[in-house]
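A quick write-up on the structure given underneath.
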Amino acid sequence: MTPLATRGNGVSGRPRTLTAALGITFAGILAIVLAACSGNAQQTNAYTDALNSVQVKINSVVSATATPEAYQAAVAQNMPAIKSDLQQLQAAQGNLTGQTQTIAQKCTTDVQQIVSGLESINTALTAKDSKAVETARQTTNTEIQSLKSCIDEWNTNNGNSGK
5 MTPLATRGNG VSGRPRTLTA ALGITFAGIL AIVLAACSGN AQQTNAYTDA LNSVQVKINS
65 VVSATATPEA YQAAVAQNMP AIKSDLQQLQ AAQGNLTGQT QTIAQKCTTD VQQIVSGLES
125 INTALTAKDS KAVETARQTT NTEIQSLKSC IDEWNTNNGN SGK
């Protein structure tokens, strides 16, 4: 038998084997690429979910302005969950890459600064220091606006502009 034996129909067996091997190899590479994309999409979705969650809780605290007591109650109720969401943001952000990770880092930093600002407002309210309350509110409001811009950029970059 010769190295390139032909089958009964005159077709060589090796090219067919080579084609099958290349096809299997290509399918394996495609599966790896799709799995990587899927993993990144999962991390992007996890980050989006945590970002949406923290935004709702921050809005809940910020909207509680009727009295200092209402604000303090909103902080007490929402701050543990906000900090938990912040941890989720940090965990998901670490698995992102490229522009998505850069935007996530900016948003996460904004959330960290908002948490600090909300805690500063709470401390100033407890101390009944109206000047410190106003200063902390102004700084926190600036960070909230920065977070809103960052969320818009995140949604645009990740195809979530309708959310």
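By the numbering used here, the letter at position 9 of the sequence shown is numbered 13, and the numbering carries on one by one without gaps.
Cβ coordinates follow ideal geometry from the N, Cα and C atoms, glycine included.
Being a predicted model, the structure only gives us computed values, none of them experimental.
Shown here for A50: same chain residues with a beta carbon closer than 6 angstroms to its own, the five before and five after excluded, namely A96 in chain order. Taken atom to atom, the span from the alpha-carbon of W158 to that of S120 is near 22 angstroms.
Contact between L100 and T48 is confirmed by a C-beta separation of about 7 angstroms, below the 8 angstroms threshold. The beta carbon of V65 is closer than 8 angstroms to those of Y75, A78, V79, N82, M83, I86 and L122 in its chain, skipping five residues each way along the sequence. For Q142, the number of other beta carbons within 10 angstroms of its own is below 16, and it is reported as exposed.
In terms of CA proximity to P72, V137 leads the group V137, V115 and K152. T71 sits in coil when the DSSP states are folded into three classes, being neither helix nor strand. Around the beta-carbon of A131, fewer than 16 other beta-carbon atoms lie within 10 Å, marking it exposed.
The DSSP-derived three-state label of N159 is helix. In this structure, the straight-line span from the alpha carbon of C111 to that of I155 is close to 7 angstroms.
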